[in-house]
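Colleague: The structure under discussion is supplied below as structure tokens; questions concerning it will follow.
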Amino acid sequence: MSQTGSDEPVEPRRSRWRAAVHFIVAQQVQTVLTVLAGLVATPLLLGWLGAERFGLVRLLEATLALLGVGWACLGMALGAGLVPRWARGDQQGVRQWVAAAQLLAAGISVLVLALAALLVWRGPLGPPASPALQGEWQAAFWLLLGGAALLAPWQLARTVFEADQRGARVSGVLTVSSLLTTAVALLLAAHGGGLPGQAFAMLCGSALSALWLHGWVRRTYSPWSWVVPPRQDLLTLLHHASRLFLASLCGALAVRCEVLAVQALYSPEEVTRYHLTQRLYALWQGQLLMFGTAVWAPLADLYVRQERAVLKQRLGQAVAVLCALGCAGGVAAIGYTGHFLDLWGVGREHFLGTVAAAAFALAMPVAALHSLFGWVLTATGHSRQYMVSAGGFALTAVAGCFGLGYLWGPAGVALGMTAAYAVSLLGNLAFLHYWGIFSLSRGLEPALRALLLALPLAWLSWRSGQVHTPWGWMGLLAEMTAWFAAYLLLWLLAAPPQERQIGWEFLHRFWPARKRPAAPPSVSNDSAAGCDAQTRSPRHQPP
1 MSQTGSDEPV EPRRSRWRAA VHFIVAQQVQ TVLTVLAGLV ATPLLLGWLG
51 AERFGLVRLL EATLALLGVG WACLGMALGA GLVPRWARGD QQGVRQWVAA
101 AQLLAAGISV LVLALAALLV WRGPLGPPAS PALQGEWQAA FWLLLGGAAL
151 LAPWQLARTV FEADQRGARV SGVLTVSSLL TTAVALLLAA HGGGLPGQAF
201 AMLCGSALSA LWLHGWVRRT YSPWSWVVPP RQDLLTLLHH ASRLFLASLC
251 GALAVRCEVL AVQALYSPEE VTRYHLTQRL YALWQGQLLM FGTAVWAPLA
301 DLYVRQERAV LKQRLGQAVA VLCALGCAGG VAAIGYTGHF LDLWGVGREH
351 FLGTVAAAAF ALAMPVAALH SLFGWVLTAT GHSRQYMVSA GGFALTAVAG
401 CFGLGYLWGP AGVALGMTAA YAVSLLGNLA FLHYWGIFSL SRGLEPALRA
451 LLLALPLAWL SWRSGQVHTP WGWMGLLAEM TAWFAAYLLL WLLAAPPQER
501 QIGWEFLHRF WPARKRPAAP PSVSNDSAAG CDAQTRSPRH QPP
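Dropping the structure here:
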């Protein structure tokens with residue numbers, strides 16, 4: 001790899017979009033394995049831990065996510081700075097930038113531990129559990145937080161791979177760590193480990209992924225050695241991370257607001273019901289959210305190279321794909337949530353009702369677009385605009401979840417969160433339109449078209465689930481797949497021709513046709529040839 005320090009981008013070393021598709025496919029493999037593990041583990045954990053402990057584990061995750069905001073915004077700033085350095089082929093600059101981030105991560109760990117001790121002492125982070133479980137809560141909280149603080153500098157290796165468009169590796173490692181977490185959690189829950197056992201299981205998975213990815217970075221980019229970062233890199237990274245801090249805090253608060261609202265207004269048992277009802281939708285929504293993780297680096301690379309026309313085209317394709325897949329998932333799931341809980345073994349008594357199911361279904365495409373536009377804002381360097389958008393998202397989420405949750409119960413919390421996603425989506429899209437990155441019409445037209453097509457099929461799916469019980473797991477899977485495919489077929493028939501070609505183009509980029517050696521590249525379409533030249537893997541360059 002070139003060690004150049006030039007500011008000019010070099011030819012991409014790999015196809016951007018083929019790497020993105022590889023990442024998405026790796027995510028699907030991860031989903032299959034983790035879903036199967038979760039289907040087996042959740043009823044067992046619920047039986048061994050009880051509803052209160054199970055809900056407290058979800059609350060523990062939300063609390064740690066809020067305290068880890070500093071690490072999250074540091075990772076975002078690290079990724080945004082790595083993209084132009086990879087584009088220049090500046091490996092020395094990459095090492096210095098990562099070293100600066102590791103030093104800052106260690107400093108943030110000290111501050112987080114001090115802040116947590118202060119908050120526990122003053123009361124806001126006191127045990128939310130019944131008196132019998134307060135000791136377990138304290139032990140689990142400090143075990144998980146202390147482990148996260150120690151691992152923070154090594155967790156940054158994930159961002160190095162993602163910024164270099166090697167996200168498929170990250171997905172593979174996370175799959176193994178997730179399976180390890182599940183296995184340890186089951187083992188300790190079966191032997192009465194309680195909340196500390198669940199915290200130890202999560203810590204084992206985090207340690208495996210962090211250390212594995214760190215070692216893989218050292219081997220992939222050998223020679224890779226820790227270097228003393230320049231003072232300017234430390235100051236620049238600290239400046240960018242601090243600008244993202246408020247936005248990251250608002251985002252973390254908004255995303256975890258559902259659990260916090262249900263816990264504050266009701267009980268840990270209601271947190272368990274909310275989590276289990278949402279689970280079917282969260283499985284697919286997680287894949288849609290990972291789409292933004294897969295494509296942010298290619299989009300940022302196009303922005304750095306000033307390829308604005310290609311950037312708008314690719315972003316438009318991503319919007320159309322997310323709208324179609326999100327609405328298809330909602331149509332398939334809305335009528336079968338109660339049946340899913342019955343077959344899962346947790347019982348229909350944990351179902352929150354049709355209103356909550358409709359809110360979760362609508363949230364799938366809306367949350368996916370919100371995430372994608374947020375990634376684009378941060379990846380293109382518009383952190384100030386993203387901070388404003390994240391602040392509005394947090395305020396809307398808190399007001400919606402607590403306000404509607406107080407009025408209409410846990411289902412109101414789901415409605416409030418969906419409304420917050422929609423408001424923030426419009427704000428992010430307005431910023432992209434203002435800066436000339438993406439137009440309002442190209443963002444809203446596919447979304448509205450997909451939603452209007454989904455409404456009649458969603459009603460039919462709901463009615464089907466009301467009057468008919470699927471025949472076991474195979475029947476449930478077959479019926480949901482049929483509704484999913486029916487929506488995609490309807491979408492393809494109603495979509496404009498340019499959107500209809502998206503699937504074929506992604507398939508072609510994942511399995512490119514073999515080129516005949518004797519056939520020279522066509523020069524009849526200069527713009528197409530120029531676009532393809534940017535995505536072909538370059539020949540080997542001497543160091």
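When the letters of the sequence shown are read in order and numbered with the UniProt record's numbering, they come out as residues 1 to 543. For glycine and all other residues, C-beta sits at the position ideal for the given N, C-alpha and C.
With a CB to CB cut of under 6 Å and the five nearest residues on each side skipped, what residues in its chain are close to His-540?
Modeller: In this prediction, His-540 scores a pLDDT of 37, lower than 50, which makes its location untrustworthy; the coordinate-derived value is nonetheless stated afterwards. So no residue of the chain qualifies.
Colleague: Taking only runs that begin and end inside the segment 288-373, name each unbroken alpha helix (DSSP H) of 4 or more residues, in chain order.
Modeller: List check, alpha helix (DSSP H) in window: 308-333, 337-344.
Colleague: Does the Cβ-Cβ distance between Pro-268 and Glu-52 come in under 7 Å?
Modeller: Closer than 7 Å, so yes.
Colleague: Go ahead and label Tyr-434 buried or exposed: buried means 16 or more other beta carbons lie within 10 angstroms of its beta carbon, across all protein chains shown.
Modeller: Counting Cβ neighbours within 10 Å, Tyr-434 comes out exposed, since fewer than 16 surround it.
Colleague: Go ahead and label Gly-192 buried or exposed: buried means 16 or more other beta carbons lie within 10 angstroms of its beta carbon, across all protein chains shown.
Modeller: Exposed, by the Cβ-count rule.
Colleague: For my contact list, Ala-77 and Leu-237 are in at a C-beta cut-off of 8 Å; report their separation, rounded to the angstrom.
Modeller: About 6 Å; that satisfies the 8 Å criterion.
Colleague: For the candidate residues Leu-289, Leu-211, Arg-218, Gly-172, whose alpha-carbon lies nearest to that of Ala-148?
Modeller: Answer by Cα proximity: Leu-211.
Colleague: Could you check where the alpha helix (DSSP H) with Gly-409 kicks off and where it finishes?
Modeller: Neither: Gly-409 is in no alpha helix (DSSP H) and is coded neither H nor E.
Colleague: To the nearest angstrom, how far is the alpha carbon of Arg-169 from that of Pro-131?
Modeller: For Arg-169 and Pro-131, the distance between alpha carbons rounds to 44 Å.
Colleague: Do the CB positions of Trp-462 and Gly-335 come within less than 7 Å of each other?
Modeller: Contact: yes.
Colleague: How many Å lie between Gln-306 and Ser-389 at the Cα?
Modeller: Whole-angstrom Cα-Cα distance: 25 Å.
Colleague: How would you call Leu-235, buried or exposed, if buried means at least 16 neighbouring beta carbons within 10 angstroms?
Modeller: Its Cβ having fewer than 16 others within 10 Å, Leu-235 is exposed.
Colleague: Using the C-alpha atoms, what's the distance from Cys-257 back to Ala-189?
Modeller: Cα to Cα, the separation comes out at about 27 Å.
Colleague: Straight-line CA distance for Val-184 to Gly-38?
Modeller: When rounded, the distance between both Cα atoms is 13 Å.
Colleague: Roughly how many whole angstroms lie between the Cα atoms of Ala-359 and Ala-100?
Modeller: Near 42 Å, if we compare the C-alpha coordinates of Ala-100 and Ala-359.
Colleague: DSSP on Pro-229, reduced to helix/strand/coil?
Modeller: Looking at Pro-229 - three-state DSSP - the assignment turns out to be coil, as it is neither helix nor strand.
Colleague: Helix, strand or coil: which one does DSSP assign to Tyr-221?
Modeller: Here Tyr-221 sits in coil by DSSP.
Colleague: Three-state secondary structure (DSSP) at Arg-158?
Modeller: Three-state result, Arg-158: helix.
Colleague: The ligand MG and Val-255: does any heavy atom of the ligand fall closer than 6 Å to the residue's C-beta?
Modeller: This structure lacks the ligand MG; in fact it carries no ligand of any kind.
Colleague: Between Val-29, Arg-85, Ser-206, Gly-443, which lies nearest to Glu-61 when the distance is taken from Cα to Cα?
Modeller: When each option's Cα is compared against that of Glu-61, the closest is Ser-206.
Colleague: For Trp-473, which residues from the same chain have a beta carbon less than 8 Å from its beta carbon, with the 5 sequence-adjacent residues on both sides left out?
Modeller: Excluding positions up to five away in sequence, the list reads Leu-343.
Colleague: Which value, in whole angstroms, describes the spacing of the CA atoms of Trp-459 and Tyr-487?
Modeller: Computed Cα separation, rounded: 12 Å.
Colleague: Reducing DSSP to helix, strand and coil, say where Thr-42 ends up.
Modeller: Correct three-state label for Thr-42: helix.
Colleague: Verify whether the separation of the beta carbon atoms of Tyr-274 and Val-262 is less than 7 Å.
Modeller: Their beta carbons are under 7 Å apart, which means Tyr-274 touches Val-262 by this criterion.
Colleague: In terms of residue numbering, what span does the alpha helix (DSSP H) encompassing Gln-466 cover?
Modeller: 440-467 is the extent of the alpha helix (DSSP H) around Gln-466.
Colleague: Which residues bound the alpha helix (DSSP H) around Thr-182?
Modeller: Note, Thr-182: alpha helix (DSSP H), 167-190.
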